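Scroll down for the structure; my scribbles are underneath it.
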Ligand code: UD1
Ligand code: MG
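Residue numbers (our numbering): 1274 to 1751.
Encoded structure:
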């Protein structure tokens, strides 16, 4: 049986006033991913349980930032603009232009990021069974209902309406069942009811929640589905909420990594985006942050305080404490840090060593190459087993353009060498310490550029006597 087509609408046009923020609320990150990213990921996990239909995101406040972020992250999503934001009901009205042929409409809030796809599947089921309903929505019982909308039921437990906290009577405010802001509607009902919404309420906004009262007045079936775990429907309206959601998401990701066979020391301090894969026997030390499309291979160890984004860490690699790694590949058994910075386009082959205070960018180091101390390697290709000495700098930028440095295999680069790109060093060459390389160096040759050294016998002692005498004379005078 083909499923009825379902449109998914994510509401993300609100200002987020209570966050006191310049950054749009839905782009605030929890566990390394923006809130909106979590909601979109959940909607993707719905899979075949619901019929395919358009995915629509309503943007408005801060859309100059949210729009491009969406285009990059979810290019298939339809962006519709609500300007000005006149309430959640108005947002859904604006989205309705993009419903297409969908016969069901799932509405999610961009600020409710903990929801699980399983719960949404239950909700969609409740719209259809035992008999078709106009709307099904998620509710939760919470000890402190605060600013959430309250679910008003009659004596037999049937939903009558949702009342916003600001419009509620004292008695209604006592209700501990809240509206989670997650709904699925019958399309025909929506088409009829959306034009009926008014802004006659305390906030002067079009409330999506009024659709529930309208359905009841039309004697249509309305289902409030209470979630088993109230935490799942936590909405982020303040920085406190954000901190709480962040902790829950990090704990979930840490548990998944532990279950997959990784060791996490002090997991409560670790941030793992849900896009991160940690293989069995990997070890994550305290205060590590792994985000984006990142993979940590089996047996690899990530040292304390390291920050890794969009990178692949090979099996058995050692990332020592306090490394920053972004868009890089670290080969099997490689050793990095402590205090190394691997930037975009870094590719370390197997068993490469990159030590403390080394920065790399667009640097390819082949198997067994080493750069252990105080070095900048930018726009460079380095062959197998080559050793790069302390203080080596690839001078890759001439003030206008970047240039490439090529270093062959088995090369020895002495300490404090500058390689002025573009330049090539052949296999097996030796570069003497302190050399400024401006011309290509052939294989197996020795390159050396040094000012001849002068030695004055007893010159040091004579200098010291002269300066001391001058100082003594000055002190006597004062
Ligand atoms: C809403 C519900 C409330 C529920 C709560 C759950 C309404 C009227 N109230 O309140 O019953 O308990 O969610 O979290 O719906 N948005 C727009 N356009 C707008 C206004 C908001 O797109 O004009 C978006 C926001 O970006 C946000 C979502 O809709 O993602 C919810 O808006 P918000 O202002 O947070 O509503 P709540 O006060 O939380
Ligand atoms: Mg909210």
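Don't be surprised by glycine CBs; every beta carbon is placed ideally from N, CA and C. Please read all numbers here as calculations on a predicted model, not as lab measurements.
Q) Among residues of its own chain, excluding the 5 on either side of residue 1318, which ones have a beta-carbon nearer than 7 Å to its beta-carbon? A) 1390
Q.
Assuming residue 1304 and residue 1545 are in contact, meaning their beta carbons sit under 8 Å apart, how far apart are those beta carbons, in whole angstroms?
A. 7 Å
Q: Please list, in chain order, all residues with a C-beta atom less than 5 Å from at least one heavy atom of the ligand MG.
A: 1384, 1508, 1510
Q: Starting from residue 1679, trace the alpha helix (DSSP H) both ways and give me its first and last residue.
A: Element bounds for residue 1679: not the alpha helix (DSSP H) but the beta strand (DSSP E), 1678-1680.
Q. Between 1497, 1377, 1602, 1570, which lies nearest to residue 1427 when the distance is taken from Cα to Cα?
A. 1497
Q.
Measuring straight from C-alpha to C-alpha, what distance separates residue 1372 and residue 1542?
A. 42 Å
Q | residue 1728 classed as buried or exposed, judged by whether at least 16 other C-beta atoms fall within 10 angstroms | A | exposed
Q) Which runs of the beta strand (DSSP E) spanning at least 3 residues fall entirely within the region 1344-1387, listed in chain order? A) 1351-1354, 1377-1382
Q: Enumerate in chain order the residues of its own chain whose CB-to-CB distance from residue 1382 is below 6 Å, with the five nearest sequence positions on each side excluded.
A: 1284, 1454
Q: Inspect the CB distances between the region 1358-1370 and the region 1276-1295 and report whether three or more fall short of 8 Å.
A: yes
Q.
Counting C-beta neighbours from all protein chains within 10 Å, is the total for residue 1298 16 or more, i.e. buried, or is it exposed?
A. buried
Q: Just the C-alpha distance for residue 1464 and residue 1490, rounded to the nearest angstrom, thanks.
A: 16 Å
Q) Below 8 Å between beta carbons: does that hold for residue 1657 and residue 1642? A) yes
**Q.** Option in 1690, 1577, 1429 with minimal Cα separation from residue 1646
**A.** 1690
Q: Drop a sphere of 10 angstroms on the beta-carbon of residue 1573, count the other beta-carbons inside from all chains shown, and report buried for 16 or more, exposed for fewer.
A: buried
**Q.** Where residue 1736 falls: helix, strand or coil (DSSP)
**A.** helix
Q | Supposed contact pair residue 1638 and residue 1621 - C-beta distance, whole angstroms, cut 8 Å | A | 5 Å
Q) Helix, strand or coil: how does DSSP classify residue 1529 here? A) helix
Q | Assigned secondary structure, residue 1437 (DSSP; H/G/I helix, E/B strand, else coil) | A | coil
Q) Hey, would you say the C-beta of residue 1382 is under 7 Å away from at least one heavy atom of the ligand UD1? A) yes
Q) How many angstroms separate the CA atom of residue 1407 from the CA atom of residue 1363? A) 19 Å
Q | Inter-residue CB distance, residue 1682 and residue 1700 (contact presumed, cutoff 8 Å) | A | 5 Å
Q. What do you reckon, is the C-beta of residue 1314 under 7 Å from a heavy atom of the ligand UD1?
A. no
Q: Would you tell me roughly how many angstroms separate the C-alpha atoms of residue 1752 and residue 1734, rounded to the nearest one?
A: Any question about residue 1752 goes unanswered here, given that the chain covers just 1274 to 1751.
Q.
What does the Cβ neighbour count give for residue 1670, buried or exposed, with the cut at 16 atoms within 10 Å?
A. exposed
Q: Could you spell out where the beta strand (DSSP E) holding residue 1454 opens and where it closes?
A: 1450-1459
Q | Which listed residue (1392, 1359, 1291) has its alpha carbon closest to that of residue 1323 | A | 1392
Q) Under a three-way DSSP split, which group does residue 1308 fall into? A) helix
Q.
Between residue 1307 and the ligand UD1, is there a pair consisting of the residue's CB and a ligand heavy atom that are separated by less than 7 Å?
A. no
**Q.** Status (buried if at least 16 other CB within 10 Å, exposed otherwise) for residue 1333
**A.** buried
(Q) Using CA atoms only, rank isn't needed, just tell me which of 1695, 1549, 1456, 1500 is closest to residue 1523. (A) 1549
**Q.** Spatial distance of residue 1507 from residue 1610 (CA atoms)
**A.** 39 Å
Q: Have a look at the DSSP bridge pairing and note the partners of residue 1632.
A: 1614, 1649
Q: State yes or no: is the C-beta of residue 1456 nearer than 7 Å to some heavy atom of the ligand UD1?
A: no
(Q) So the candidates are 1410, 1442, 1477; which of them puts its Cα closest to the Cα of residue 1451? (A) 1410
**Q.** Unbroken alpha helix (DSSP H) run spanning residue 1279, endpoints
**A.** Unbroken run through residue 1279 is the beta strand (DSSP E), 1279-1285; no alpha helix (DSSP H).
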